[in-house]
Structures are given as structure tokens and as C-alpha cells.
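Residue numbers (mature numbering (1 follows the signal peptide of the UniProt record, and there is no 0)): -18 to -1, 1 to 335. The beta carbon of each residue, even a glycine, is placed where N, CA and C say it ideally should be. Below: the structure, in C-alpha cells.
Laid out in C-alpha cells, this is it:
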């Protein structure tokens, strides 16, 4: 234990010295894969060992809006909409889902009023139709109501992470009756065991209304946990049907959410503890939460880019000591890069050498 304590002290000294020698200018000769660790800004800066960036802004070769597929089974069995989703950078990290809310004995998931099925056909690259487009293309996640069921869209991370900072430039459009969500998730069988930090937008609500929660927000008996949720208005007259940079930081002590770089919520109650998947989805099932979407209507979550900083669970077990997350600069390497909300290149900036 004494050796480990000395190593922690040495590491903290190394980090402090590195910060004192920090440079705020980006070198002209570095690449993202040269980074050994990354530092976020905000109310609780954290160090991360891994960085990924997906840019959907210039993918004209893959663009096209697929027609809706009739039938639950056909929707679930649909192939991906373009070769982009077969590229290594996507398929080695994300998995497009095809599950439905049907349960045994022809029942539905709790609270659903009609069947819902996820389809790869509802995730596609679209040419930006805006009058003055901010990008050539973007990623679109669609949910649409058919006569007897709703088609949704979801993609999950293949691996699990132990703490992360995720952000995307996105907007939500379309008919009432849909929920658009970004969340961490640990699969469980009972509500009481849920570990989930999420951001949710409901298309039936005002354009500035967003929900942030460390789930569970309620018990199976119906008890509500007020400390678990913040129902918030976006700052600076922002609206979720316009392009907004949404960000969520899941740290050991709290979950924190930002909009265009401004903190909008933080929750220290029920912070997820275990390695978790990262999930995005758009859905509706006619239940109390989403309410009903009119047959033939659609809604979309659209992204220009997506960025993720993360630690894998095995790394965190090595870096954790006394409940504090410590970045072993002496082991991981001296090249640390800072990611902040004002860096409009959307790439990390070198913090120290």
C-alpha cells in the first residue's frame, strides 16, 4: 500500500508540473492518435485515456433518405442504409439495434400502448436541406408511426465504459409523440437496479424543455425520486429544434449536462457506478411518457458530429485509489490534450507536453 501511495503522490506532482507548463496553442504537427490522455473543461474537469470523433458533415457519397418499410418483421430485418455503417470506424464501435418491445405471451413492455420495433432502415445519412446549410450532410435517426406499430431507431456502443464525456451537435424535429435520448445504460431485470444517466427530449413539449436524470427516477411501487431528475429550460433562448451542442459528463461523483458550453444540470444522487453502454435512440410507444404520434407522422434526431472521451473499465480499476480518479501521467505518457466547449474545430487541443 505504501508503494501505491507514493506512486499516487508522484503522479499528482507530475500532473501539477505538467499543468504549470501548459501551452494553450495547438501545435501544427500533432495528430489525435498522438494523445496519451485528454482533459475536459467544465465544473468537474476529468482525465480520459481514449478519444473518438465521428464527423457526419461531409458524407455526400453515402446520403439518401430511405422509404419507410411496411411490417414489423421487415423493419427489424432491414439492412443498413449505406456502406458508411459498414465502415470499420462505425461498425467496430456502434451496433444498430433491431429489438422490439414485444414480450412473452403477446404482451408489450411496461407502459406501451402499441408495438414498437427498432430498424436499421431508420438510421441514415441525409443531405442537409436547410436554406443556408451548416453542413453538407448529417446523420438522421428517424421514428415513424405506422397503422399498427411504431418504427424506432437506436445504436448502442459495443463496449462498456467507466466514466465518459460525450457531446454532439444536433437538433430534434418532427411530430409530437417521440422521445429522443442520449444515455449510459447497464442492462438489468428490475427497476431498482437501474443505473442510467440520460438526457431526453420529448417532441410534445416546448422547444426549450429538456429532461436530465440519473435513473431510476421512480420505484416499481410508483414512488418518485425528485433528487434524480432535473427538468430544465435551455439557456440563452436555445431551442432543441435548432443546432445545439449537447454534452453529458459522467464522473465518479456526479452527472453533468451542458448546452452550448453552459452547464444546465448536475446530479450527484444515484450516479451510475458500473461499466456502462452508451446509447442513442429515437422512439415512441404511445405511453404516458412519449404519448401518441399520429399515424403517418415522423420525428428525427439529427447530428452533424459526435465526440466521445472515455475510460475503459480495466483502466479505471488501475487508476482508482481512495475513491479518487488519478491519471498516471508517468505511465500513460506526457501528451495531454484538452477538449473544451469553445474549441470550434471540434478536435482536442494540446494542453501540455
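query                                                                                                                       : result
Distance between residue 149 and residue 247 (C-alpha atoms, nearest Å)                                                     : 15 Å
Residues of its chain near residue 83, where Cβ-Cβ distance is below 8 Å and the 5 sequence neighbours each way are ignored : 90, 91, 94, 97, 98, 99 and 267
Counted within 10 angstroms of its Cβ, other Cβ atoms place residue 254 as buried (16 or more) or exposed                   : buried
For residue 25 and residue 61, the rounded distance between their alpha carbons                                             : 42 Å
Cβ neighbours of residue 293 in the same chain (closer than 6 Å, five flanking residues each side left out)                 : 30, 31, 144 and 145
Closest Cα partner of residue 191 within the set 114, 214, 152 and 291                                                      : 214
Residue 251 versus residue 210: straight-line alpha-carbon distance, rounded                                                : 6 Å
Cβ neighbour criterion (16 or more within 10 Å) applied to residue 167                                                      : buried
Exposure label - residue 76; buried when at least 16 CB within 10 Å                                                         : buried
Burial state of residue 129 (16 or more Cβ within 10 Å)                                                                     : exposed
Whole runs of the beta strand (DSSP E) within the region 22 to 77, excluding any shorter than 3 residues                    : 32 to 37
Boundaries (first-last residue) of the beta strand (DSSP E) holding residue 247                                             : 244 to 249
Where residue 299 falls, given that 16 or more other Cβ within 10 Å makes a residue buried                                  : Any reading at residue 299 must be qualified, since the residue scores a pLDDT of 49, below 50, and its modelled position is unreliable; the value itself is stated next. When all chains shown are included, residue 299 counts as exposed.
Distance between residue 136 and residue 263 (C-alpha atoms, nearest Å)                                                     : 4 Å
Test item: CB-CB of residue 291 and residue 22 under 9 Å                                                                    : yes
Reduced DSSP secondary structure (H/G/I, E/B, other) of residue 173                                                         : helix
Residue range of the unbroken beta strand (DSSP E) whose run includes residue 273                                           : Looking at the DSSP string, residue 273 is not in any beta strand (DSSP E), and its letter there is neither H nor E.
Burial state of residue 81 (16 or more Cβ within 10 Å)                                                                      : exposed
DSSP-derived helix/strand/coil call for residue 104                                                                         : helix
Residue 3 (DSSP reduced to helix, strand or coil)                                                                           : Residue placement at residue 3 cannot be trusted, given a pLDDT of 42 that sits under 50; the coordinates are not used to answer.
Alpha-carbon to alpha-carbon, residue 157 and residue 225                                                                   : 18 Å
Nearest candidate by alpha-carbon position, reference residue 278, set 155, 54 and 126                                      : 126
Closest residue to residue 257 among 103, 169 and 220 (Cα-Cα distance)                                                      : 169
C-alpha distance - residue 124 paired with residue 134, whole-angstrom precision                                            : 7 Å
Buried/exposed call for residue 202, threshold 16 Cβ in 10 Å                                                                : exposed
Alpha-carbon to alpha-carbon, residue 19 and residue 313                                                                    : Its pLDDT being 31, under 50, residue 313 is placed unreliably in this model, and the coordinates cannot settle the point.
DSSP-derived helix/strand/coil call for residue 143                                                                         : strand
Residues that residue 197 bridges to, as DSSP identifies them                                                               : 178
Buried or exposed (CB count within 10 angstroms, at least 16 for buried), residue 42                                        : exposed
Beta-carbon separation (whole angstroms), residue 275 vs residue 152, contact threshold 8 Å                                 : About 20 Å; that fails the 8 Å criterion.
Spatial distance of residue 52 from residue 280 (CA atoms)                                                                  : 14 Å
Own chain residues within Cβ distance below 6 Å of residue 147, not counting five before or after                           : 22, 231 and 291
Alpha-carbon to alpha-carbon, residue 177 and residue 194                                                                   : 14 Å
Span separating the alpha-carbon of residue 208 from that of residue 196                                                    : 10 Å
Beta-carbon gap between residue 270 and residue 222 smaller than 9 Å                                                        : no
C-alpha distance - residue 206 paired with residue 115, whole-angstrom precision                                            : 43 Å
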